[in-house]
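Protein chains in written order, with my numbering: chain A, 11 to 401; chain B, 11 to 401. Glycine included, every Cβ here is placed at the ideal spot set by N, Cα and C.
Protein chains: 2
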Amino acid sequence: MKTKSEMQKEMFKFEIEKISKKSKARTGMITTPHGKVKTPAFIPVATFGVIKGGLDFKDYQKTKTQCQITNTFHFIDLDRTKEVEKIGGLHKFFNCNKPIFTDSGGFQVFSLGKGAEFGLGKIGSIFPEQRRREKPSNSLVKRINDRGVHFKSPRDGREIWLTPESSALAQKELGADFIYLFDVCGSPLDGKKTTKEEMELSHEWFKRFLNTKISSNQRIFGIIQGGIYRDLRIKSTEFVNDLDVFGIAIGGALGKKKEDMYKTISWVNEKIDWQKPHHLLGIGDLDVMEKIIKLGIDLFDCALPTRIARHGMALTSKGPIDLKKSILKDKFKPLDRNCDCFVCQNYTQAQINFFFKAKEQIAGRLLTIHNLYFIETLLEKIREKIAENKF
Amino acid sequence: MKTKSEMQKEMFKFEIEKISKKSKARTGMITTPHGKVKTPAFIPVATFGVIKGGLDFKDYQKTKTQCQITNTFHFIDLDRTKEVEKIGGLHKFFNCNKPIFTDSGGFQVFSLGKGAEFGLGKIGSIFPEQRRREKPSNSLVKRINDRGVHFKSPRDGREIWLTPESSALAQKELGADFIYLFDVCGSPLDGKKTTKEEMELSHEWFKRFLNTKISSNQRIFGIIQGGIYRDLRIKSTEFVNDLDVFGIAIGGALGKKKEDMYKTISWVNEKIDWQKPHHLLGIGDLDVMEKIIKLGIDLFDCALPTRIARHGMALTSKGPIDLKKSILKDKFKPLDRNCDCFVCQNYTQAQINFFFKAKEQIAGRLLTIHNLYFIETLLEKIREKIAENKF
Numbered sequence: 011m012k013t014k015s016e017m018q019k020e021m022f023k024f025e026i027e028k029i030s031k032k033s034k035a036r037t038g039m040i041t042t043p044h045g046k047v048k049t050p051a052f053i054p055v056a057t058f059g060v061i062k063g064g065l066d067f068k069d070y071q072k073t074k075t076q077c078q079i080t081n082t083f084h085f086i087d088l089d090r091t092k093e094v095e096k097i098g099g100l101h102k103f104f105n106c107n108k109p110i111f112t113d114s115g116g117f118q119v120f121s122l123g124k125g126a127e128f129g130l131g132k133i134g135s136i137f138p139e140q141r142r143r144e145k146p147s148n149s150l151v152k153r154i155n156d157r158g159v160h161f162k163s164p165r166d167g168r169e170i171w172l173t174p175e176s177s178a179l180a181q182k183e184l185g186a187d188f189i190y191l192f193d194v195c196g197s198p199l200d201g202k203k204t205t206k207e208e209m210e211l212s213h214e215w216f217k218r219f220l221n222t223k224i225s226s227n228q229r230i231f232g233i234i235q236g237g238i239y240r241d242l243r244i245k246s247t248e249f250v251n252d253l254d255v256f257g258i259a260i261g262g263a264l265g266k267k268k269e270d271m272y273k274t275i276s277w278v279n280e281k282i283d284w285q286k287p288h289h290l291l292g293i294g295d296l297d298v299m300e301k302i303i304k305l306g307i308d309l310f311d312c313a314l315p316t317r318i319a320r321h322g323m324a325l326t327s328k329g330p331i332d333l334k335k336s337i338l339k340d341k342f343k344p345l346d347r348n349c350d351c352f353v354c355q356n357y358t359q360a361q362i363n364f365f366f367k368a369k370e371q372i373a374g375r376l377l378t379i380h381n382l383y384f385i386e387t388l389l390e391k392i393r394e395k396i397a398e399n400k401f
Numbered sequence: 011m012k013t014k015s016e017m018q019k020e021m022f023k024f025e026i027e028k029i030s031k032k033s034k035a036r037t038g039m040i041t042t043p044h045g046k047v048k049t050p051a052f053i054p055v056a057t058f059g060v061i062k063g064g065l066d067f068k069d070y071q072k073t074k075t076q077c078q079i080t081n082t083f084h085f086i087d088l089d090r091t092k093e094v095e096k097i098g099g100l101h102k103f104f105n106c107n108k109p110i111f112t113d114s115g116g117f118q119v120f121s122l123g124k125g126a127e128f129g130l131g132k133i134g135s136i137f138p139e140q141r142r143r144e145k146p147s148n149s150l151v152k153r154i155n156d157r158g159v160h161f162k163s164p165r166d167g168r169e170i171w172l173t174p175e176s177s178a179l180a181q182k183e184l185g186a187d188f189i190y191l192f193d194v195c196g197s198p199l200d201g202k203k204t205t206k207e208e209m210e211l212s213h214e215w216f217k218r219f220l221n222t223k224i225s226s227n228q229r230i231f232g233i234i235q236g237g238i239y240r241d242l243r244i245k246s247t248e249f250v251n252d253l254d255v256f257g258i259a260i261g262g263a264l265g266k267k268k269e270d271m272y273k274t275i276s277w278v279n280e281k282i283d284w285q286k287p288h289h290l291l292g293i294g295d296l297d298v299m300e301k302i303i304k305l306g307i308d309l310f311d312c313a314l315p316t317r318i319a320r321h322g323m324a325l326t327s328k329g330p331i332d333l334k335k336s337i338l339k340d341k342f343k344p345l346d347r348n349c350d351c352f353v354c355q356n357y358t359q360a361q362i363n364f365f366f367k368a369k370e371q372i373a374g375r376l377l378t379i380h381n382l383y384f385i386e387t388l389l390e391k392i393r394e395k396i397a398e399n400k401f
C-alpha cells in the first residue's frame with residue numbers, strides 16, 4: 011500500500027515524453043490534482059483569476075486553454091485573498107477545473123518600480139520594437155530591503171509590504187496548484203553590481219519562502235536570477251537546482267533584444283536540472299515561441315495574445331489582422347479559413363469589425379477566444395512535430 | 011391550395027389567447043418567419059444588433075430572451091446598412107434566429123435633440139426619480155421640417171438627413187421582422203401647439219413611409235402620437251387604426267410622472283384596435299410592468315434592465331442588489347436563491363462583486379444574463395396568471 015506521502019507525490023508529476031534529436035525541445039506532461047498540461051504549453055494570463063475580455067468558465071472550453079496564471083499581487087491589492095481562501099481557493103472562486111499558477115508578486119516589484127519609472131513593459135524591455143509606449147511615471151515602490159518590498163497600491167494608494175512570507179501566505183490562501191518563489195525582478199537597465207545584489211537578496215528570500223508553510227496540494231517553482239550576466243545566471247541556476255522545488259522558472263531581466271534572451275537561456279541551460287519543467291516567465295509571443303521551445307522551455311506565459319485581442323488584433327495563419335480597419339466591413343469570411351474555433355465557425359471579419367466600430371464588448375471577447383485557440387492549435391502541431399522528430 | 015399572398019399573410023400572425031376578466035391584460039402569440047413571441051413580452055434593447063455586455067448569440071439562450079429591438083439610427087450613423095443587407099439582414103449578420111424589431115430613428119429625433127438640450131432621458135423625462143443625471147448638451151438636431159430631420163452624427167459630426175423614405179429604406183436593408191414608422195418623438199416639455207404640429211407632421215411622414223417599398227418579409231408598427239393631450243391622442247389613435255399596419259405602438263412624450271403615462275394609455279385605449287398587438291415604446295422597468303400589462307400593453311422595450319446590469323445592479327425577488335458594494339465580498343450565495351439562471355447556478359455574489367471591483371468585463375455580462383432571465387421568468391408567471399384569471 012502507498013503511504014500518504016507517496017500518494018501526495020503522485021498527485022503532481024512531470025513526465026518527459028519525447029526529446030527532440032535536433033534541439034533541446036521536448037514534449038511532456040504535467041499532472042496536477044486539477045488535470046494535466048501537455049508541454050510545451052502556453053499559460054494564458056488571467057490577472058484577476060479570469061482571462062480578460064469577459065470570458066466565463068465555459069468559454070475556456072472554446073479556447074483549448076490548458077491552464078492559467080493569475081497575479082497574486084492584484085488579489086493582495088484588492089484585499090481578497092482571505093475571501094478566496096474561505097470558499098476553497100481560486101479553482102472554486104472562479105469555477106476553474108484546470109491547473110492554476112500564481113506568480114509571487116516579484117514581477118510587480120519591477121513593473122510598479124523601475125518598469126514604471128523608465129516606461130518599460132516587461133516585453134518592451136526585451137524587444138524595443140514591440141515596446142508598449144508607456145509614459146514613465148513615478149515608481150510605486152517605496153523601498154526594497156531585507157524585509158521585502160514596500161509598495162504603494164496602484165489602486166488606492168494604500169501602503170503594502172510584500173515579503174517572502176506574505177507572498178507565500180497569499181499564494182497559500184489563493185490555493186493555486188503551482189506557486190512561485192518571491193524574487194526581486196531586475197530591470198534590463200541594471201548594471202552587474204545591482205543585478206548581483208538583487209540576485210543575492212532573491213536567494214535569501216527563496217530560503218525564507220521555503221520555510222513558510224504552504225498547502226500540501228501546492229508545488230513550487232524556483233526562479234533563476236542573474237540578469238544578462240553569464241556567471242550570475244550560472245550561479246543562480248545552481249542555487250535554484252538545489253532547492254526543493256517542482257519546477258524551475260527563468261526570471262529577471264532578459265536583456266534588450268531577443269538575442270540577449272536566447273543567450274541567457276543557453277547559459278542557464280548549461281546547468282539547469284533537465285528533469286524539471288522549465289518556465290520562461292512573461293514571454294510567449296508568436297515570434298519567439300518556436301525558438302524558446304527549441305531551447306528547452308516547457309512553459310511560457312504572456313499577456314500579449316489576449317491584450318492585442320482586446321485591441322482588435324487577430325492572430326491568423328496568414329499573419330495578424332487588424333479588425334478595427336474599415337476595409338473589412340464587407341469581408342464576409344472568417345478570421346482564418348484554417349481555424350475551426352467557435353469564432354471562425356460563427357462570425358465573419360465584417361461582423362467583428364462592426365463590433366469594434368460599435369465599441370461592443372463582444373468584439374474583444376471573440377478575438378480573445380480566437381487568439382487563444384490559435385496559439386493552442388499551433389502548440390498542438392509543435393508537440394506533434396517534436397514527437398515525430400520534425401521540429 | 012393556398013395562394014402566395016395567403017401564405018405570406020400566415021408567416022405573420024398575432025393571436026390573442028386569453029383575455030383577463032379583471033383588467034385589459036391578455037396573453038397572445040406573435041408568429042414571424044423567425045419564430046414566435048409569447049405576449050405580454052419584454053423586448054431587450056440590442057442597440058447595435060447585440061445586447062450590450064459582451065453577450066454572443068449562444069448567451070441569448072441563457073436569458074430566455076424571445077426577441078430584440080435594434081436601433082436603425084446607429085446603423086445609419088455607422089454607415090453599415092448596406093453591408094448588413096449584403097449578407098442577408100440583421101438575423102444573418104448577428105446569427106440571431108429570433109424575431110427582431112428595428113425602431114425608425116424617431117426616438118433619436120428626441121434623444122439627440124430636445125433630450126440632449128434639456129438633459130432628459132426618455133425614462134428620466136417620465137420618472138424624474140429615476141432620471142439619468144445627464145448634463146444638458148447641444149442639440150445635434152439641426153432642423154426638423156417637411157423633408158425630415160437633419161442631424162449631426164454624434165460619432166463623427168457628419169451631417170445626416172433622416173426622412174420617412176430613408177428610414178424605411180434603412181429598415182428594409184436591415185431586414186428586421188418588425189419595423190416602425192418614422193415619427194417626430196416629442197418632449198414632455200412640449201406645449202399643446204408644438205405637440206399637435208409634431209403629431210400632424212408624423213402623420214404626414216407615416217403616409218410617405220407606407221408608400222415606400224419594404225420587404226414582403228417585414229411587418230410595420232404604427233406609432234400613436236399626441237403627447238399628454240387627450241384629444242390629440244384620440245385623434246392619432248384613430249389615424250393609426252386606419253393605417254395598413256401589423257401592430258400599434260404608443261410613442262411620443264408620456265408625461266412627467268407614471269400617472270401621466272397610465273392616463274395617456276387609457277385615453278389611447280378608448281379607441282385603439284384591440285385585435286393588433288400594442289407596444290409601449292421605450293418603457294419596461296419593473297415597477298411599471300404589471301400596471302402597463304393591465305392596461306393592455308402586449309410589448310414593451312427598455313434599456314434599463316441591461317444598462318443597470320452593466321453598472322452593477324441585479325434584479326432579484328427580494329429587490330435590487332448593488333453588486334459593487336464591498337459588503338458582498340464574502341456572500342457566497344447566488345444573486346437570487348429562487349433563480350435558476352446560468353449565473354445563479356454558477357456564480358456567487360462574492361464572485362460577481364470581485365469582478366466589479368477588478369473591473370473585469372465578465373461582471374456586466376453575468377448581470378445582463380441574470381437580469382434578462384429574471385424579467386423573462388417574471389413575465390412567464392404573469393402570463394400564467396392572466397391565463398388563470400388571477401392577474
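Anything in chain B within Cβ reach of residue i, meaning under 9 Å, just list it in chain order.
i: I170(A); result: Residues of chain B passing the Cβ test: none, with the nearest at roughly 16 Å.
i: D340(A); result: K92, E93, K96, I97
Which same chain residues end up closer than 6 Å to residue i when comparing Cβ atoms and leaving out the 5 residues on each side of it in sequence?
i: K281(A); result: I244, T247, E248
i: T75(B); result: P54, L382
i: L211(B); result: V194
i: A259(A); result: F231, I233, H289, L291
i: K334(A); result: G322, F366
i: N363(A); result: L333, L338, K339
i: E139(B); result: Note that E139(B) has pLDDT 46, beneath the 50 cutoff, so the model's placement of it is unreliable and the number below is only indicative. Nothing meets the Cβ criterion.
Could you check what DSSP says for residue i in three-state terms: helix, strand or coil?
i: P109(A); result: coil
i: C312(B); result: strand
i: T222(B); result: coil
i: V255(B); result: coil
i: G134(B); result: For G134(B), the predicted structure reports a pLDDT of 41, less than 50, and the residue's modelled location is therefore unreliable. A value from the coordinates is still provided. G134(B): helix per DSSP, three-state reduction.
i: T409(A); result: Here chain A has residues from 11 to 401 only, and residue 409(A) is not among them.
i: W171(B); result: strand
i: T73(A); result: helix
i: I331(A); result: strand
i: L382(A); result: helix
i: Y272(B); result: helix
i: E183(B); result: helix
i: K367(A); result: helix
Since residue i meets chain B, which of its residues come closer than 8 Å, beta carbon to beta carbon?
i: K62(A); result: E370, Q371
i: L65(A); result: I372
Are residue i and residue j close, meaning C-beta to C-beta below 9 Å?
i: D346(A); j: S327(A); result: yes
i: K367(A); j: L172(B); result: no
i: C429(B); j: D295(B); result: Residue 429(B) is absent from the structure shown; chain B starts at 11 and stops at 401.
i: A263(B); j: T205(B); result: yes
i: E208(B); j: E95(B); result: no
i: K32(B); j: F401(B); result: yes
i: Y190(B); j: S114(B); result: yes
i: K28(B); j: A397(B); result: yes
i: F24(B); j: K304(B); result: no
Check the Cβ of residue i against every Cβ in chain A and list those closer than 7 Å, keeping chain order.
i: F103(B); result: Q361
i: R347(B); result: Result: empty, since nearest Cβ-Cβ is about 17 Å, beyond 7 Å.
i: L88(B); result: K367, A368
Quick one: which chain B residues come within Cβ less than 7 Å of residue i?
i: F58(A); result: A368, E370
Quick one: residues in its chain with C-beta nearer than 7 Å to the C-beta of residue i, no 5 flanking neighbours on either side, listed in chain order?
i: F352(B); result: K72, I379
i: V255(A); result: I230, F231, G232
i: E20(A); result: none
#### Entry: Contact residues within the stretch 353-370 of chain B, judged by C-beta distance below 7 Å to chain A
Within the stretch 353-370 of chain B, contact with chain A at the beta-carbon level (separation under 7 Å) is assigned to N356, A360, Q361, F364, K367, A368, E370.
### Message
Under 8 Å, CB to CB, which of the residues in the stretch 295-328 of chain A have a partner in chain B?
### Response
none
### Query
Using a beta-carbon distance cut-off of less than 7 Å, what residues from the stretch 174-192 of chain B approach chain A?
Across the stretch 174-192 of chain B, no CB contact with chain A closer than 7 Å is found for any residue.
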